[in-house]
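Here is the structure we will look at, set down as structure tokens.
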Amino acid sequence: MAKGRTQTYYDKNPAANKRRLKQQSTYQKTPKGKTLKHDAYVASLKIGKKGDGKDVSHTSKGVVLASPKANRSKKGIHS
464 MAKGRTQTYY DKNPAANKRR LKQQSTYQKT PKGKTLKHDA YVASLKIGKK
514 GDGKDVSHTS KGVVLASPKA NRSKKGIHS
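Residue numbers (this note's numbering): 464 to 542.
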């Protein structure tokens, strides 16, 4: 599978990638970040996610399983 534009950018700009990882790490320690991670984990247990290659996606309709591509592009399934 080919890399997307974002990953290609971060491969070419290691300093920017380092800043992004630091920011993401900090965000995941906030109450909102912890809540999102916990909700996704609990939902994955309820849905029965077991190494199926799907992501747990937060949508306006609740939490659903979605392909990584659809979940990370945030198009279509998040309506």
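Note that CB positions come from ideal geometry on N, CA and C, so glycine has one too. Since we're looking at a predicted model, the values are computed, not measured.
Option nearest residue i by Cα separation, candidates the options
i, options, result
"Gly-514", "Gln-486, Gly-467, His-521 and Ala-529", "Ala-529"
"Val-527", "Lys-537, Ala-506, Lys-497 and Gly-496", "Ala-506"
"Pro-531", "Thr-522, Lys-517, Gly-525 and His-521", "Lys-517"
Pair within 8 Å by beta-carbon distance, residue i and residue j
i, j, result
"Val-519", "Ala-503", "yes"
"Tyr-490", "Arg-483", "no"
Collapsed DSSP secondary structure at residue i in the structure displayed
i, result
"Asp-518", "strand"
"Ala-529", "strand"
"Gln-491", "coil"
"Gly-467", "coil"
"Lys-500", "helix"
"Lys-475", "helix"
"Lys-524", "coil"
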